[in-house]
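A.B. asks: Just so you know, the sequences run in chain order A and B.
Going by the UniProt record's numbering, the first sequence opens with residue 1, and the numbers climb by one from there.
Going by the UniProt record's numbering, the second sequence opens with residue 1, and the numbers climb by one from there.
We put the beta carbon where it would ideally sit given N, CA and C, even for glycine.
Note that the structure is a prediction, hence the values are computed from the model and not measured.
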Amino acid sequence: MSDLVDKLQRLSLIDLKEEEKERIGRDVQKILQFFNKINELDLSNVEPLFHPISQGKLRKDVAQSSLTQGEALSNVKRKENGFIVGPSTYGD
Amino acid sequence: MISQVVKDLKEGRLDPEEYVERYYDRISKFEKKINSFITLRSKEEVISDVKESIKRGGRLAGVLIGIKDAISTKGIRTTCASKMLEDYVPPFDATVVEKLKREGAVILGKTNMDEFAMGSTTETSYFGPTRNPWDLERTPGGSSGGSGAALAAGFVDLALGTDTGGSIRAPAAFTATFGLKPSYGTVSRYGLVAYANSLEQIGPMSKNAEDLGLLYSIIAGDDPRDATTIPYEVKEVPSEISVNGLKVGVLKDILEASEEPVKGIINRIIDKLSSEGAVVEETKLGYAEYALPAYYIIAMSEASSNLARYDGVRYGYSKYGDGNWKETFSKNRGDGFGLEVKRRIMLGSFILSAGYYDQYYVKALKVRRLIKNSLDQLFAKFDVLVSPTMPILPPKLGEMVDDPVKMYAMDVNTVIANLAAIPALSMPAGFYNNLPVGLQLMGRYLSDTFLVGISMFVEKLTKIYDATAPLQ
Numbered sequence: 001m002s003d004l005v006d007k008l009q010r011l012s013l014i015d016l017k018e019e020e021k022e023r024i025g026r027d028v029q030k031i032l033q034f035f036n037k038i039n040e041l042d043l044s045n046v047e048p049l050f051h052p053i054s055q056g057k058l059r060k061d062v063a064q065s066s067l068t069q070g071e072a073l074s075n076v077k078r079k080e081n082g083f084i085v086g087p088s089t090y091g092d
Numbered sequence: 001m002i003s004q005v006v007k008d009l010k011e012g013r014l015d016p017e018e019y020v021e022r023y024y025d026r027i028s029k030f031e032k033k034i035n036s037f038i039t040l041r042s043k044e045e046v047i048s049d050v051k052e053s054i055k056r057g058g059r060l061a062g063v064l065i066g067i068k069d070a071i072s073t074k075g076i077r078t079t080c081a082s083k084m085l086e087d088y089v090p091p092f093d094a095t096v097v098e099k100l101k102r103e104g105a106v107i108l109g110k111t112n113m114d115e116f117a118m119g120s121t122t123e124t125s126y127f128g129p130t131r132n133p134w135d136l137e138r139t140p141g142g143s144s145g146g147s148g149a150a151l152a153a154g155f156v157d158l159a160l161g162t163d164t165g166g167s168i169r170a171p172a173a174f175t176a177t178f179g180l181k182p183s184y185g186t187v188s189r190y191g192l193v194a195y196a197n198s199l200e201q202i203g204p205m206s207k208n209a210e211d212l213g214l215l216y217s218i219i220a221g222d223d224p225r226d227a228t229t230i231p232y233e234v235k236e237v238p239s240e241i242s243v244n245g246l247k248v249g250v251l252k253d254i255l256e257a258s259e260e261p262v263k264g265i266i267n268r269i270i271d272k273l274s275s276e277g278a279v280v281e282e283t284k285l286g287y288a289e290y291a292l293p294a295y296y297i298i299a300m301s302e303a304s305s306n307l308a309r310y311d312g313v314r315y316g317y318s319k320y321g322d323g324n325w326k327e328t329f330s331k332n333r334g335d336g337f338g339l340e341v342k343r344r345i346m347l348g349s350f351i352l353s354a355g356y357y358d359q360y361y362v363k364a365l366k367v368r369r370l371i372k373n374s375l376d377q378l379f380a381k382f383d384v385l386v387s388p389t390m391p392i393l394p395p396k397l398g399e400m401v402d403d404p405v406k407m408y409a410m411d412v413n414t415v416i417a418n419l420a421a422i423p424a425l426s427m428p429a430g431f432y433n434n435l436p437v438g439l440q441l442m443g444r445y446l447s448d449t450f451l452v453g454i455s456m457f458v459e460k461l462t463k464i465y466d467a468t469a470p471l472q
């Protein structure tokens, strides 16, 4: 089970607290069991339905008004000279 | 009726200050018990907005409205009931909020909900659970439970909710109010904090059928900023439609799976419809037991992708920032999300990962196709399908939230409409030991105003509208 929980943390980029690990592991297994119900059906000749609207729409490529830089950055916690400061991207 | 309030405010029969005071009075007396708002605006600000709005005019000039906290409001904090967005203030309005403001509506506050709309009881909120005004021991349903509770408590007469798998209809059913999950694509989702794009819609909530239709007619319509909206407009406010001669299908498989008291109340309504001349026939949805797992597989998959944006860098909870990007994101997300949200993101990521995608996700989409086909066949024969909105009475707090599979099972009747994109309306059907029971009407794609019209007729039979819980 700890393998499963490790995989889940890695896939979702969520660090679980110690006390959450067992709970989530148990719940996930129980929910997957509940999902397995759909394996009872023979679905080999059914087309999947991804989205209720069959096609999106296009618009002319013209500039529209949008947020100012100040507005767009108004919820950023760490910024410098109008840029967002992100975590380091090299090294491990 | 809101149309009367608008008239009275405009023509001076209702003093704007008195009007606003009336709601704040009740809120100051009872909100501590209910917890229906995450953010409440100051009374002075609201009074001044109401006065201004009456001068400008509009179909909702001066009318107060509660907005679910998943919908962006410029300058008013929008938290999605999450620690992740505790201090997030949107720099723009959602399209529906723009439309409401254009017609003169005034936002009273942002209503409580399950965190990121993930829940059916409004108990997963970071800001504490909302309680049902009809019985404070019980939940108001969810995830738009704050909106439902605020209506039933008499804090406001109009509200917006969002519905991904029943999140408008569950609270409507449990609080004796009205709610519509609109046809997919008829209401813009621009500015809605996304949970599961292919399933969710913003929709109106109210205390009677007329107000429901009015609110829907204002928020509906094509939006260039949301590519999933369709060319659509509600030109006239819906009017009453008699059930005489209407072909009504009763979804027997769903009805039979409901609790006895719920079944009893819904059966009485069906008898009434019949004696009013409706042609009532029992039928079956088919695949009902597969709809629920298919729905949750799709919803969690879409959620895992949508919620990837919360990393604490551009907005939201951001305690950590010194490590590399992977550590930073993982820590911020681990701290910022609550347990149910983590469960759903993790399951969604798992389902979409190599080796499981075909086994779960694609199969769920195939079940979705089967359900849509089954409904297409039913609507070739019936004008409207009726069932209970919820299979159970409002549960007590704590009864459901600790067992995810049990909580998911509450949504068995409502997820169908989201999978198939059709409109579904919940309205009060009756009370059992003072606990509300809701009737669900489902119709053909784009028959939203038709459903509202029927509910205007049915509310006269039930005589349950403008119901306010007797709080003390």
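For the region 371-401 of chain B, which residues have a beta carbon sitting closer than 7 Å to at least one beta carbon of chain A?
C.D. replies: LYS372
A.B. asks: Would you say VAL62 (chain A) reaches chain B, if we count a Cβ-Cβ gap shorter than 8 Å as a contact?
C.D. replies: no
A.B. asks: Do PRO171 (chain B) and GLY141 (chain B) have their CB atoms nearer than 8 Å?
C.D. replies: yes
A.B. asks: Quick one: list the residues of chain A neighbouring TYR290 (chain B), beta-carbon separation under 7 Å, in chain order.
C.D. replies: Taking a Cβ-Cβ threshold of 7 Å, the residues of chain A close to TYR290 (chain B) are LYS37, ILE38, LEU41, in chain order.
A.B. asks: Quick one: is GLY62 (chain B) buried, meaning 16 or more other Cβ sit within 10 Å of its Cβ, or exposed?
C.D. replies: buried
A.B. asks: Is the shortest distance between the beta-carbon of VAL415 (chain B) and the beta-carbons of chain A less than 8 Å?
C.D. replies: Not one chain A Cβ lies under 8 Å of VAL415 (chain B).
A.B. asks: Hey, could you find the ends of the beta strand (DSSP E) PHE178 (chain B) is sitting in?
C.D. replies: 178-181
A.B. asks: On the DSSP letters alone, give me the boundaries of the beta strand (DSSP E) that THR162 (chain B) sits inside.
C.D. replies: 158-163
A.B. asks: Using a Cβ-Cβ cut-off of less than 8 Å, list which residues of the region 219-239 of chain B approach chain A; keep chain order.
C.D. replies: PRO224, ALA227, THR228, ILE230
A.B. asks: Spell out the partners DSSP gives LEU385 (chain B) in its beta bridges.
C.D. replies: B:GLY249, B:MET442
A.B. asks: Report the three-state DSSP secondary structure of MET205 (chain B) (helix, strand or coil).
C.D. replies: strand
A.B. asks: State the CB to CB distance for the pair ARG77 (chain B) and GLU47 (chain A), rounded to an integer number of angstroms; the pair is presumed to be in contact (CB under 8 Å).
C.D. replies: That pair is no contact at about 43 Å.
A.B. asks: For LYS57 (chain A), decide whether its Cβ has a neighbour in chain B, counting only Cβ atoms nearer than 8 Å.
C.D. replies: Under the Cβ distance rule, LYS57 (chain A) counts among the residues neighbouring chain B, one pair being separated by less than 8 Å.
A.B. asks: Figure out for me which residue from A:LEU8, A:ILE14, A:GLU40, A:LEU41 has the closest Cα to the Cα of ARG26 (chain A).
C.D. replies: A:LEU8
A.B. asks: For PHE83 (chain A), count neighbouring Cβ atoms within 10 angstroms of its own Cβ and tell me buried if that reaches 16, exposed if not.
C.D. replies: exposed
A.B. asks: Using C-beta distances below 6 Å, list every residue in its chain close to THR229 (chain B), excluding the 5 sequence neighbours before and after it, in chain order.
C.D. replies: GLY185, SER188, ASP222, ASP223
A.B. asks: Residues of chain B with CB under 9 Å from ARG78 (chain A), in chain order?
C.D. replies: VAL313, SER318, GLY321
A.B. asks: Beta carbons nearer than 7 Å to chain A: which residues of the region 340-373 of chain B have them?
C.D. replies: LYS342, ARG343, ILE345, MET346, LEU347, SER349, PHE350, SER353, TYR360, VAL362, LYS363, ALA364, LEU365, LYS366, VAL367, ARG368, ARG369, LEU370, LYS372
A.B. asks: Any beta-carbon of chain A closer than 8 Å to the one on THR121 (chain B)?
C.D. replies: no
A.B. asks: Please go through the same chain and pick out, in chain order, the residues whose beta-carbon is closer than 7 Å to the beta-carbon of SER36 (chain B), but skip the five residues on each side of it.
C.D. replies: THR111, ASN112, THR130, GLY146, ALA149, ALA150, ALA153, PHE155
A.B. asks: Assuming contact is defined by CB atoms lying nearer than 8 Å, are ASN418 (chain B) and GLY165 (chain B) in contact in what I supplied?
C.D. replies: yes
A.B. asks: Kindly list the residues whose CB is nearer than 8 Å to the CB of ILE292 (chain B), restricted to its own chain and excluding five residues on each side of it in sequence; keep chain order.
C.D. replies: It is worth fixing the name first, because residue 292 (chain B) is Leu in this sequence and not Ile. TYR408, ALA409, ASP411, VAL412, VAL415.
A.B. asks: Answer yes or no: does any C-beta atom of chain A fall closer than 8 Å to that of TRP325 (chain B)?
C.D. replies: yes
A.B. asks: Alpha carbon to alpha carbon, how far is MET87 (chain B) from MET118 (chain B)?
C.D. replies: As written in the sequence, residue 87 (chain B) is Asp, which differs from the Met given in the question. For ASP87 (chain B) and MET118 (chain B), the distance between alpha carbons rounds to 20 Å.
A.B. asks: Give a yes or no on whether the C-beta atoms belonging to GLY321 (chain B) and GLY336 (chain B) are separated by under 8 Å.
C.D. replies: no
A.B. asks: Quick check: is any heavy atom of the ligand SAM less than 7 Å from the C-beta of LYS263 (chain B)?
C.D. replies: You won't find the ligand SAM in this model; it holds no ligand whatsoever.
A.B. asks: Return no unless some Cβ of chain B is closer than 8 Å to the Cβ of GLY86 (chain A).
C.D. replies: yes
A.B. asks: In whole angstroms, what separates the C-alpha of PRO133 (chain B) from that of VAL437 (chain B)?
C.D. replies: Rounded to the nearest whole angstrom, the C-alpha separation of PRO133 (chain B) and VAL437 (chain B) is 14 Å.
A.B. asks: Would you mind telling me which residues of chain A sit closer than 7 Å to PRO293 (chain B), beta carbon to beta carbon, in chain order?
C.D. replies: PHE34, PHE35, LYS37, ILE38
A.B. asks: Using the beta-carbon of each residue, which ones in chain A are nearer than 9 Å to ALA196 (chain B)?
C.D. replies: Chain A residues near ALA196 (chain B): none, gap ~11 Å exceeds 9 Å.
A.B. asks: If contacts are defined as beta-carbon pairs under 8 Å, then THR283 (chain B) and VAL243 (chain B) qualify, I think. What distance do you get, rounded to the angstrom?
C.D. replies: Rounded to the nearest angstrom, the Cβ distance from THR283 (chain B) to VAL243 (chain B) is 17 Å, too far for a contact under 8 Å.
A.B. asks: From the DSSP output, which residues share a beta bridge with THR468 (chain B)?
C.D. replies: For THR468 (chain B), which the question treats as bridged, DSSP gives no partner whatsoever.
A.B. asks: Determine, for VAL405 (chain B), whether the minimum Cβ-Cβ distance to residues of chain E falls below 8 Å.
C.D. replies: Judged by its chain identifiers, the structure shown contains no chain E, and its protein chains are A and B.
A.B. asks: Please decide whether PHE12 (chain A) counts as near chain B, where near means a Cβ-Cβ distance under 8 Å.
C.D. replies: Position check: residue 12 (chain A) holds Ser in this sequence, whereas Phe was assumed. Taking a beta-carbon distance threshold of 8 Å, SER12 (chain A) counts as an interface residue toward chain B.
A.B. asks: Does the contact criterion of 3 or more C-beta pairs under 8 Å hold for the region 84-101 of chain B versus the region 375-390 of chain B?
C.D. replies: Because the criterion of three Cβ pairs below 8 Å is not met, the region 84-101 of chain B and the region 375-390 of chain B do not touch.
A.B. asks: Check whether the region 266-279 of chain B and the region 392-402 of chain B touch, using three or more Cβ-Cβ pairs below 8 Å as the test.
C.D. replies: no
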